[in-house]
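Heads up: the structure comes next, in structure tokens.
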Amino acid sequence: MSTPQNNIPNEYICPITLDIMREPMVMPDGHTYEKEAIKKALELRPFSPLTKKSMKFSDGYINYSLKSLIETYI
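Here is the structure:
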């Protein structure tokens, strides 16, 4: 099912890709990103794209609650 971009809850959107997340990953900076997007970003620079806090990909974890909500939404 396709949903109009302007009706997607902001919490479902990755701040890096600006697309709806499929694998939302919570990182130590307190923000949630699409898994592959934050992995690539941290390979380039080991800092949060939003807060500039130093962080490692291995310190993040999948947000299964948000993932379930997104799957229900789409």
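For the working numbering, add 2 to where a residue sits in the sequence shown, where the first one is 1. Even glycine gets a Cβ: it sits at the ideal position worked out from N, Cα and C. Remember, predicted model here, so these are calculated numbers, not experimental data.
Would you give the residue range spanned by the beta strand (DSSP E) that residue i belongs to?
{"i": "E36", "result": "34-36"}
Which residue marks the beginning of the alpha helix (DSSP H) containing residue i, and which one marks its end?
{"i": "I72", "result": "66-75"}
Find out if the Cβ-Cβ distance for the pair residue i, residue j is shorter than 9 Å.
{"i": "V28", "j": "T19", "result": "no"}
{"i": "R24", "j": "E13", "result": "no"}
{"i": "C16", "j": "I10", "result": "no"}
Would you mind working out which of the options sits nearest residue i, comparing C-alpha positions?
{"i": "M57", "options": "N65, N12, P30", "result": "P30"}
{"i": "D61", "options": "L68, S67, I40", "result": "I40"}
What are the start and end residues of each continuous alpha helix (DSSP H) run of 4 or more residues lying completely inside the segment 19-60, in chain order?
37-46
Are there three or more Cβ pairs, one per stretch, closer than 8 Å when the segment 40-54 is compared with the segment 68-75?
Using a Cβ-Cβ distance cut-off of 8 Å, the segment 40-54 and the segment 68-75 are not in contact, since fewer than three pairs of beta carbons, one from each stretch, lie closer than that value.
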